[in-house]
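In the numbering used here, the protein residues as written are 29 to 519.
Glycine included, each C-beta is placed from N, C-alpha and C at the ideal position.
The structure appears below as structure tokens.
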């Protein structure tokens with residue numbers, strides 16, 4: 029993360045937004061609304077509603093609107109006493125792991141997305157500033173982003189003895205790099221107290237109760253995103269600022285001084301042009317400085333990204349033009365995936381290149397841009413069709429689906445029938461209705477644009493239809509009708 033990174037926290041009574049700005053550009057946006065707060069990371073006492081042997085899964089009631097999904101692979105199975113931690117855990121049938129009506133402590137690893145319920149695991153993890161406690165594991169892991177081998181061994185040595193004594197596991201987070209042992213041991217003590225409280229709560233809780241709730245968005249942002257490279261955290265709410273400052277003073281006193289309150293009259297997101305960036309992040313098309321552009325299409329199955337040269341004509345030849353556009357596009361795609369929070373399968377259609385070295389450079393540029401992404405990504409080589417396939421872990425809804433809903437006119441298709449198509453549908457429906465029912469009068473109610481086109485451009489066709497059915501047809505425009513909607517009324 030660049031040294032000139034900043035965290036901006038905008039707080040209103042019903043909504044909190046956190047923006048990560050790097051080099052003056054918005055890179056990430058996180059939103060939490062009081063009416064629809066996410067449940068990712070929360071721990072519940074659930075009750076198994078239904079076991080599905082054919083899916084190796086169960087549906088669990090955790091008190092949410094929809095039952096949550098628990099796969100057999102996410103259930104901690106008993107390990108033989110003499111088995112090593114590195115050995116794979118057995119994967120028995122779901123019916124041998126849970127049964128209907130059983131109470132079970134589970135953690136949400138994926139928010140409800142679209143029509144799907146939350147995804148669960150019984151392998152509980154509890155995060156702090158520098159560590160993640162894994163009470164059902166025996167492994168001590170170190171973040172792959174800590175490159176220095178000596179530092180990895182130092183950190184592992186600090187945690188290993190505690191893990192063996194308590195028979196639990198830990199993941200050492202990137203934030204722990206270079207941190208004094210005393211601070212890490214404070215984290216260990218905090219996590220041990222927290223897991224003790226969790227176990228007590230779970231014993232007395234009823235099915236559907238939340239026994240552990242993750243921190244609010246401002247606290248999570250400071251815990252997870254405030255690093256040495258972040259120059260400042262600016263909060264526009266005095267109350268939230270005071271809470272976050274106290275929290276940071278306890279958790280990371282060396283960085284607490286970077287948290288400040290913004291009391292200016294101009295909205296904080298306007299000061300940094302974040303609002304404009306959010307608006308652009310909802311557009312399908314993303315312009316490139318060269319004159320090319322990207323087109324993002326998000327569907328249920330995957331997200332596709334198409335790269336076009338647009339007005340960029342290049343100077344040498346087609347191969348060089350494609351290469352330069354693709355290099356710029358690779359950087360932009362990496363940023364847009366973080367900003368739009370796109371996950372799942374992503375297919376990138378770069379402009380065709382013949383030179384293998386050019387392809388490698390474009391792929392390296394994409395991977396370098398994704399290196400700053402805290403979400404796990406996997407990028408594959410160019411396919412025979414010239415496509416780059418990749419995955420990005422999806423745990424919450426994308427920015428578009430958080431802020432938008434399907435268009436009422438097109439139901440999310442992105443297109444509607446032309447007025448001409450609707451007119452011919454009206455003609456067919458009038459003929460069908462008159463043949464089926466006795467009527468003296470025929471009235472058609474439709475959108476004003478459709479009615480205008482019928483009366484102005486299709487009057488001859490209407491006269492022919494009236495002669496064919498032997499009845500007059502009246503047309504009534506109604507603003508309530510979408511372009512592809514109409515009603516034929518017989519009287």
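Could you give the residue range of the alpha helix (DSSP H) that holds residue i?
{"i": "residue 275", "result": "266 to 279"}
{"i": "residue 224", "result": "209 to 232"}
{"i": "residue 297", "result": "296 to 299"}
{"i": "residue 307", "result": "302 to 309"}
{"i": "residue 250", "result": "245 to 253"}
Taking DSSP as the reference, what is the three-state secondary structure of residue i?
{"i": "residue 110", "result": "Any reading at residue 110 is ruled out, since the residue's pLDDT is 48, under 50, leaving its predicted position unreliable."}
{"i": "residue 324", "result": "strand"}
{"i": "residue 29", "result": "Unreliable placement is indicated for residue 29, whose pLDDT of 43 sits below 50; the coordinate value is still reported in the next sentence. Three-state DSSP puts residue 29 in coil, outside helix and strand."}
{"i": "residue 152", "result": "coil"}
{"i": "residue 48", "result": "strand"}
{"i": "residue 495", "result": "helix"}
{"i": "residue 402", "result": "coil"}
{"i": "residue 124", "result": "helix"}
{"i": "residue 332", "result": "strand"}
{"i": "residue 102", "result": "helix"}
{"i": "residue 481", "result": "helix"}
{"i": "residue 40", "result": "strand"}
{"i": "residue 313", "result": "strand"}
{"i": "residue 185", "result": "helix"}
{"i": "residue 82", "result": "helix"}
{"i": "residue 53", "result": "strand"}
{"i": "residue 170", "result": "strand"}
{"i": "residue 343", "result": "coil"}
{"i": "residue 178", "result": "helix"}
Which residues does DSSP list as the beta-bridge partners of residue i?
{"i": "residue 260", "result": "34"}
{"i": "residue 162", "result": "197"}
{"i": "residue 505", "result": "474"}
{"i": "residue 451", "result": "Its beta-bridge partners do not exist; DSSP assigns none."}
{"i": "residue 73", "result": "133, 237"}
{"i": "residue 287", "result": "261"}
{"i": "residue 59", "result": "45"}
{"i": "residue 141", "result": "144"}
{"i": "residue 515", "result": "473"}
{"i": "residue 87", "result": "78, 97"}
Report back the beta-carbon spacing between residue i and residue j to the nearest angstrom; my notes put them in contact at under 8 Å.
{"i": "residue 79", "j": "residue 123", "result": "6 Å"}
{"i": "residue 478", "j": "residue 514", "result": "7 Å"}
{"i": "residue 241", "j": "residue 369", "result": "Their Cβ separation, rounded to whole angstroms, is 22 Å, which puts residue 241 and residue 369 out of contact at 8 Å."}
{"i": "residue 55", "j": "residue 286", "result": "Going by Cβ atoms, the distance from residue 55 to residue 286 rounds to 18 Å, so no, they are not a contact pair."}
{"i": "residue 137", "j": "residue 148", "result": "7 Å"}
{"i": "residue 67", "j": "residue 75", "result": "So it is not a contact: roughly 16 Å between Cβ atoms."}
{"i": "residue 168", "j": "residue 184", "result": "6 Å"}
{"i": "residue 501", "j": "residue 470", "result": "5 Å"}
Mind checking which residues open and close the beta strand (DSSP E) that includes residue i?
{"i": "residue 443", "result": "Run containing residue 443: none; DSSP gives neither H nor E here."}
{"i": "residue 97", "result": "96 to 99"}
{"i": "residue 205", "result": "No beta strand (DSSP E) holds residue 205; DSSP gives it neither H nor E."}
{"i": "residue 319", "result": "Element bounds for residue 319: n/a, residue is neither H nor E."}
Is residue i near the ligand SAM, in the sense that its beta carbon is under 7 Å from a heavy atom of that ligand?
{"i": "residue 483", "result": "Absent from the structure shown: the ligand SAM. Ligands present: none."}
Problem set entry | Uninterrupted beta strand (DSSP E) stretches inside the region 349 to 435 (no shorter than 3 residues) | Entirely contained in the region 349 to 435, the beta strand (DSSP E) runs reaching 3 residues are, in chain order, 372 to 377, 405 to 410, 415 to 420.
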